[in-house]
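So the structure is just underneath, and the comments pick up after that.
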Amino acid sequence: IDEDAIVLCAMTSAKLTERLRAESGETWTAVVEHPFTDALARGDIDEDAMRYYLIQDHRFVDAFVVLLASMVAAAPTLKDRIPGCQFLGLVTGKENTYFERSLDALGVTNEQRLVENTPNDPATTGFQNLMRSAAKSGSYTQMLAVLVVAEWSYLSWGDRVKNQRNPQKPFWCMEWIDLHCGEYFESVIAYLRGLLDTAGETMTAEEEGKCRAIFLEAVQLEKAFFDAAWAKRKL
Numbered sequence: 070i071d072e073d074a075i076v077l078c079a080m081t082s083a084k085l086t087e088r089l090r091a092e093s094g095e096t097w098t099a100v101v102e103h104p105f106t107d108a109l110a111r112g113d114i115d116e117d118a119m120r121y122y123l124i125q126d127h128r129f130v131d132a133f134v135v136l137l138a139s140m141v142a143a144a145p146t147l148k149d150r151i152p153g154c155q156f157l158g159l160v161t162g163k164e165n166t167y168f169e170r171s172l173d174a175l176g177v178t179n180e181q182r183l184v185e186n187t188p189n190d191p192a193t194t195g196f197q198n199l200m201r202s203a204a205k206s207g208s209y210t211q212m213l214a215v216l217v218v219a220e221w222s223y224l225s226w227g228d229r230v231k232n233q234r235n236p237q238k239p240f241w242c243m244e245w246i247d248l249h250c251g252e253y254f255e256s257v258i259a260y261l262r263g264l265l266d267t268a269g270e271t272m273t274a275e276e277e278g279k280c281r282a283i284f285l286e287a288v289q290l291e292k293a294f295f296d297a298a299w300a301k302r303k304l
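Residues 70 to 304 in the numbering used here are what the sequence shown spells out, letter by letter.
As structure tokens, this is what we get:
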């Protein structure tokens, strides 16, 4: 039996999102198992690292909202749009409020939040550009590729560490984990993956190639973003 042929056959029959995740390989694993996420669960993450992470991550919200709204507009039916609209409400409500409360609790001033005083990390700029370019492309599948990475990778690490979290530790650790695990967030990822997998059934080879490139770039940026924040901790 040709084992390579068996693997190739399994990959060919797998859903598009499964194939893309498999292709991202060790980089995906590095995101999901990043030491930053373990420190979050323990509640002992260095505050300088957390401040940097939150300042930078909060800058994604606007580009993310544009991307998600653009995908919703491009979705083929109302049924396909409704879960995305509902998720928009969470991102602009509960999640954005989490950022504001956490930045205040960590003593981050409005001046420190400004790009002039805390410049964008290269990974932040890279992700902002990727989100906005995907939104401007008008390509439903390319928008979904970025969204799937951003949310599925976070569900994956959130699900991994959720049983380790200590509710007695700072809310800005525990609530960030809570936002990225659980039944509702799982439904969001199932929704986004389902849309991309359905589109993948009729996707041209050229479009699949573009989705693959964007997916893999997004995974690289997720790892670079965690690495950058982790590097800010006091050693």
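We treat Cβ as the ideally placed atom computed from N, Cα and C, and that holds for glycine.
Under the three-state reduction of DSSP, which class applies to residue i: helix, strand or coil?
{"i": "G278", "result": "helix"}
{"i": "T106", "result": "helix"}
{"i": "D228", "result": "helix"}
{"i": "R234", "result": "coil"}
{"i": "R120", "result": "helix"}
{"i": "G162", "result": "helix"}
{"i": "K84", "result": "coil"}
{"i": "G187", "result": "Note on identity: in this sequence residue 187 is Thr, with Gly being the wrong assignment. In the structure shown, T187 sits in coil (DSSP, three-state: anything other than H, G, I, E or B)."}
{"i": "G251", "result": "coil"}
Would you report the Cα separation of residue i and residue j, rounded to the nearest angstrom?
{"i": "E169", "j": "R111", "result": "22 Å"}
{"i": "K231", "j": "I114", "result": "15 Å"}
{"i": "W299", "j": "K205", "result": "31 Å"}
{"i": "A192", "j": "D149", "result": "31 Å"}
{"i": "R302", "j": "A118", "result": "5 Å"}
{"i": "I70", "j": "T146", "result": "Unreliable positioning characterises I70 in this predicted model, as indicated by a pLDDT of 47, which lies under 50. The coordinate reading is nonetheless provided below. Computed Cα separation, rounded: 45 Å."}
{"i": "G195", "j": "K292", "result": "12 Å"}
Assuming residue i and residue j form a contact by the criterion Cβ under 8 Å, report the distance between their Cβ atoms to the nearest whole angstrom.
{"i": "L290", "j": "L85", "result": "Rounded, the Cβ-Cβ distance is 20 Å, inconsistent with contact."}
{"i": "R229", "j": "V101", "result": "6 Å"}
{"i": "G153", "j": "L175", "result": "With a Cβ gap of about 31 Å, G153 and L175 do not count as contacting."}
{"i": "S93", "j": "V215", "result": "Contact flag wrong, Cβ pair sits at about 13 Å."}
{"i": "F284", "j": "V218", "result": "6 Å"}
{"i": "R128", "j": "Q197", "result": "7 Å"}
{"i": "V130", "j": "N165", "result": "6 Å"}
Can you name, in chain order, every residue of its own chain whose Cβ lies under 8 Å from the Cβ of residue i, other than the five neighbours on each side?
{"i": "P236", "result": "M243"}
{"i": "V177", "result": "R120, L123, I124"}
{"i": "I151", "result": "none"}
{"i": "L199", "result": "V215, I283, E286, A287, L290"}
{"i": "P239", "result": "G112, A174"}
If I measure Cβ to Cβ from residue i and keep anything under 6 Å in the same chain, skipping five residues before and after, which residues do I get?
{"i": "F156", "result": "V257"}
{"i": "I75", "result": "The predicted model places I75 with a pLDDT of 40, which falls under 50 and marks its position as unreliable; any figure quoted below should be read in that light. Excluding positions up to five away in sequence, the list is empty."}
{"i": "L227", "result": "A quick correction: the sequence has Gly, not Leu, at residue 227. Closer than 6 Å at Cβ, skipping near neighbours: I246, H249, C250."}
{"i": "Y209", "result": "A143"}
Output needed for residue i: all residues of its chain with C-beta closer than 7 Å, excluding positions within five of it in sequence on either side, in chain order.
{"i": "S171", "result": "L123, W241"}
{"i": "A108", "result": "I114"}
Any chance the region 246–261 sits against the region 179–186, with 3 or more Cβ pairs inside 8 Å?
no
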